[in-house]
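4 protein chains.
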Amino acid sequence: MSSRASVRQTKKSEKKQRIQEAAIHVLAKNGYHGTTVSQIARAAGVADGTLYLYFDNKDDLLLKIIDELTAQFIEEGKDILEQYESPMDRLRKFAELHLKNLGADEDLACIFQIELRHNLRFMKMFSQTRMRTYFSILEGIIHEACEAGEVREDVDARLTAILLFGSLDELVTNWLLSERDYALVEMAGPMLDILLNGIAKKTN
Amino acid sequence: MSSRASVRQTKKSEKKQRIQEAAIHVLAKNGYHGTTVSQIARAAGVADGTLYLYFDNKDDLLLKIIDELTAQFIEEGKDILEQYESPMDRLRKFAELHLKNLGADEDLACIFQIELRHNLRFMKMFSQTRMRTYFSILEGIIHEACEAGEVREDVDARLTAILLFGSLDELVTNWLLSERDYALVEMAGPMLDILLNGIAKKTN
Amino acid sequence: MSSRASVRQTKKSEKKQRIQEAAIHVLAKNGYHGTTVSQIARAAGVADGTLYLYFDNKDDLLLKIIDELTAQFIEEGKDILEQYESPMDRLRKFAELHLKNLGADEDLACIFQIELRHNLRFMKMFSQTRMRTYFSILEGIIHEACEAGEVREDVDARLTAILLFGSLDELVTNWLLSERDYALVEMAGPMLDILLNGIAKKTN
Amino acid sequence: MSSRASVRQTKKSEKKQRIQEAAIHVLAKNGYHGTTVSQIARAAGVADGTLYLYFDNKDDLLLKIIDELTAQFIEEGKDILEQYESPMDRLRKFAELHLKNLGADEDLACIFQIELRHNLRFMKMFSQTRMRTYFSILEGIIHEACEAGEVREDVDARLTAILLFGSLDELVTNWLLSERDYALVEMAGPMLDILLNGIAKKTN
DNA sequence: AATGAATGAGTATTCATTCAT
DNA sequence: GATGAATGAATACTCATTCAT
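Line by line, the protein sequences are chains S, G, P and R.
Each residue of the first sequence is one higher than the last, beginning at 1 in the working numbering.
Each residue of the second sequence is one higher than the last, beginning at 1 in the working numbering.
Each residue of the third sequence is one higher than the last, beginning at 1 in the working numbering.
Each residue of the fourth sequence is one higher than the last, beginning at 1 in the working numbering.
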């Protein structure tokens with residue numbers, strides 16, 4: 001939680017921030033439909049009505065949380081990925097970041113792996129906005145790898161992105177539903193060994 | 001829907017069946033919380049109260065639907081998989097069956113990709129019961145492939161199962177959120193080209 | 001229960017009887033609104049619908065139970081009271097019978113002290129029919145005592161009947177709400193010592 | 001109703017008060033199970049949900065009404081009874097207060113004589129809390145009378161309290177079920193003439 | 001900006017009663 | 001007579017949202 005808090009702290013209303021922090025925690029614990037607006041308000045130390053000064057409604061609150069978190073992941077990710085030259089290294093780093101971000105905070109993982117999927121509307125909206133950007137970054141790196149001749153010619157970049165993302169996603173979900181007695185990020189290496197090998201040009 | 005109906009038709013109360021069929025459709029369309037018990041009852045052509053003769057409550061209805069469908073997938077799958085000798089062929093068939101089953105019926109896919117994940121409780125329950133069996137089958141085949149010497153020695157069967165399942169899952173979700181103008185099952189080949197290649201022993 | 005059963009056994013449908021017996025028990029245990037028709041039917045070993053062959057509805061069932069029991073009390077009482085000459089003896093016997101009847105069966109006491117009073121409608125109906133007869137008997141005996149010169153002239157028979165009945169009633173309720181580790185009928189003597197003394201002509 | 005309103009008017013939420021007043025009236029008219037929460041809310045001029053800001057549930061509403069009224073009776077009663085020296089006078093006053101309180105307001109009488117007895121749970125709870133206090137006061141006065149030598153030595157105080165309370169109770173119920181064309185409180189005198197005479201030491 | 005009392009639409013569930021068999 | 005599956009009206013309670021202060 002502290003990491004989350006430290007990341008932000010931007011100009012944004014300190015109260016809005018507090019509400020979001022509280023919401024992530026309460027929503028992760030009780031689920032969207034098991035959480036009342038009052039619970040969130042109480043956890044944030046504000047009045048129920050105050051919530052509506054910053055968010056249109058309960059839905060909007062979850063949406064904004066997800067949207068901002070994703071934006072933050074993307075922003076952070078871009079900066080870091082720029083530091084790597086080789087597409088394969090960037091792919092590796094992408095996976096590590098994904099697992100690190102979600103593995104660092106169970107509440108946050110819960111929001112992304114479960115709450116986000118409540119609802120077809122939510123999923124569609126998400127998959128068409130920030131998620132699209134996130135996905136494009138992944139797809140872009142794979143494209144680069146293809147162009148750099150590091151990938152078999154018959155491999156489709158989009159499909160590969162789907163497999164990579166699906167694998168990452170399932171790793172997170174498995175971790176979340178497990179006892180969480182291992183570091184999620186350490187799954188990145190073994191996972192990439194398989195997937196990158198799967199798309200790599202045979203070098204005999 | 002017709003395919004689903006034909007598969008069952010067992011001795012089970014015809015009315016219970018009708019309710020489940022109707023529920024799948026309505027739940028897929030409106031989501032769990034967007035669907036009232038009355039809507040399901042009306043769609044099934046029964047009175048609200050009738051629903052409670054067959055299900056404990058709204059939750060139980062969704063649970064039973066998922067449980068039965070999964071059981072059915074597993075049963076069907078086992079019969080078919082037995083017909084294949086080679087572990088790699090069986091893996092291929094497993095993926096095809098998964099994509100075929102969910103790709104055959106959008107409503108059903110929606111239940112599995114979205115409604116099932118409503119709720120941490122649901123997911124946990126599911127991941128600890130039928131889902132565990134389903135997953136074990138997949139893991140078992142991979143084990144066989146390992147023992148048959150068709151897989152790199154450093155590959156972990158469980159991790160591979162996670163990647164395979166995650167990839168299949170993401171393929172289904174992508175399809176569901178798309179225009180669905182392609183046959184989901186046709187993704188099985190390209191997907192396996194990558195993943196099986198990724199775990200295969202280098203044959204130079 | 002057996003005593004109740006033995007008393008009846010008349011020509012009346014054996015099934016109707018069984019339903020009433022069961023109803024007394026279940027109603028006493030759970031209260032009118034805490035008891036479903038199905039519960040009564042199950043306890044009686046008949047189908048729900050069967051109940052409606054013998055009773056108009058749930059209300060009617062309770063009504064008929066109370067009505068018949070009261071009728072039975074009255075009938076029995078009359079026979080016994082006839083055997084006593086002195087009004088004071090008959091008053092004594094009346095009290096004893098009341099306490100004996102209700103003290104013999106907790107379920108039955110519960111029906112009379114609690115279930116009967118559910119509802120203004122019920123009470124009014126009851127107080128205007130059988131109860132009126134029951135009360136009249138009591139009042140009649142007091143009248144006789146007055147005319148026999150055993151009672152102070154300024155004592156009102158009706159008021160005395162109210163006090164007597166109220167006292168009996170409260171004794172039963174107290175017993176019912178207590179641990180019931182004493183014989184209710186034994187309260188008759190001490191109670192009458194006070195009340196009869198209260199209305200008796202001073203004999204100095 | 002006005003008398004009730006005037007008595008309170010304390011600091012207690014004016015809205016809570018209004019709901020209780022309305023509830024007494026509606027419950028007396030239709031009975032507990034014949035009254036919906038909406039009816040009470042409407043009668044009180046508040047929204048359904050508002051009721052739940054002040055009471056846990058429908059049951060709690062009735063419970064709180066009874067509890068507060070009894071508390072009020074007890075408090076008022078204590079003050080008044082203190083003004084009387086002689087135990088016999090205090091007994092007389094107790095009876096008068098009981099009949100005056102319930103005879104002043106039919107709705108209120110209905111709550112106490114009928115609604116309170118709905119349910120074994122209610123009766124038990126009541127008979128073990130406030131009612132116990134109320135009863136103890138009565139028993140206490142009789143004790144004093146005994147100790148003052150105004151009562152026959154063989155009279156049991158508790159039994160006498162039961163008879164007195166039962167008599168009062170029955171007087172109220174009779175009045176409630178009658179046309180109520182007489183003042184209930186006027187029954188106190190004749191009633192006490194009998195009961196007090198019944199326990200009094202013979203003075204010849 | 002902040003509050004939190006008040007709102008009232010919305011819904012899962014129960015259960016007395018019916019009626020085709 | 002007897003059944004019990006089916007009915008569907010009826011209702012307590014919740015909670016997102018508002019708005020007067």
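Don't be surprised by glycine CBs; every beta carbon is placed ideally from N, CA and C.
On a predicted model such as this, the values are computed, not experimentally measured, just so you know.
In this structure, the straight-line span from the alpha carbon of P/Ala22 to that of G/Thr133 is close to 48 Å.
G/Asp169 belongs to the set of residues whose beta carbon lies under 8 Å from a beta carbon in chain S.
Residue contact check for P/Ser127 against chain R: a CB pair falls below 8 Å. Rounded to the nearest whole angstrom, the CA to CA distance from P/Leu102 to P/Gly31 is 17 Å. With contact defined as three or more Cβ pairs closer than 8 Å, the region 118-138 of chain P and the region 42-49 of chain P are not in contact. Ranked by Cα distance from R/Leu177, the options R/Asp107, R/Phe135 and R/Phe122 are led by R/Asp107. P/Ile141 is positioned such that its CB atom lies no closer than 8 Å to that of R/Asn174.
Interface flag for P/Phe165 against chain R is set, since a Cβ pair is found closer than 8 Å. Contacts with chain S at 8 Å (Cβ-Cβ) include G/Asp156. Beta-bridge pairing by DSSP links S/Ala148 to no other residue. Look at the beta carbons and you see the region 190-202 of chain G touching the region 150-167 of chain G: at least three pairs across the two are nearer than 8 Å.
Cβ atoms of S/Leu159 and S/Leu99 stay farther apart than 8 Å, at about 21 Å.
Nearest neighbour of R/Asp60 by Cα position, chosen from R/Asp181, R/Ala148 and R/Phe122, turns out to be R/Phe122. For P/Glu106, the enclosing alpha helix (DSSP H) stretches over residues Glu106 to Gln113. Taking the C-beta atoms as reference points, S/Val26 is found no nearer than 8 Å to S/Lys58. The three-state secondary structure of S/Ala71, taken from DSSP, is helix.
The residue among S/Arg117, S/Leu97 and S/Glu14 with its C-alpha nearest the C-alpha of S/Glu76 is S/Leu97. Around R/Cys146, no beta-carbon contact reaches into chain P at under 9 Å, the shortest distance being about 13 Å.
Pairing P/Gly45 with R/Asn197 gives a Cβ-Cβ distance that is not under 8 Å. When the Cα atoms are used, S/Ala43 and S/Lys29 turn out to be separated by approximately 12 Å. For R/Arg117, the chain P residues whose Cβ falls inside 7 Å of its Cβ are Ile114 and Arg117, in order along the chain. Shown here for S/Phe55: same chain residues with a beta carbon closer than 7 Å to its own, the five before and five after excluded, namely Leu61 and Lys64 in chain order. As DSSP reads the structure, G/Ala200 sits in a beta bridge with G/Val151.
Between S/Leu91 and S/Ala145, the beta carbon gap of about 7 Å places them in contact (Cβ cut-off 8 Å). Put simply, the CB of P/Pro190 is near chain R, with a gap under 8 Å to one of its CB atoms.
Flagged as an interface residue toward chain S: G/Thr160, by a C-beta distance shorter than 8 Å. Taking a beta-carbon distance threshold of 8 Å, P/His98 does not count as an interface residue toward chain R. Residues of chain S whose Cβ lies closer than 9 Å to the Cβ of G/Lys124 are, in chain order, Leu177.
In this chain, the alpha helix (DSSP H) harbouring P/Val26 covers Glu14 to Asn30. For the region 26-43 of chain G, the beta-carbon criterion of a distance under 7 Å to any beta-carbon of chain S is satisfied by Gly31 and His33. Per DSSP, the unbroken alpha helix (DSSP H) holding R/Glu170 starts and ends at Ala157 to Leu177.
By the rule that beta-carbons nearer than 8 Å mark a contact, G/Leu108 does not touch chain S.
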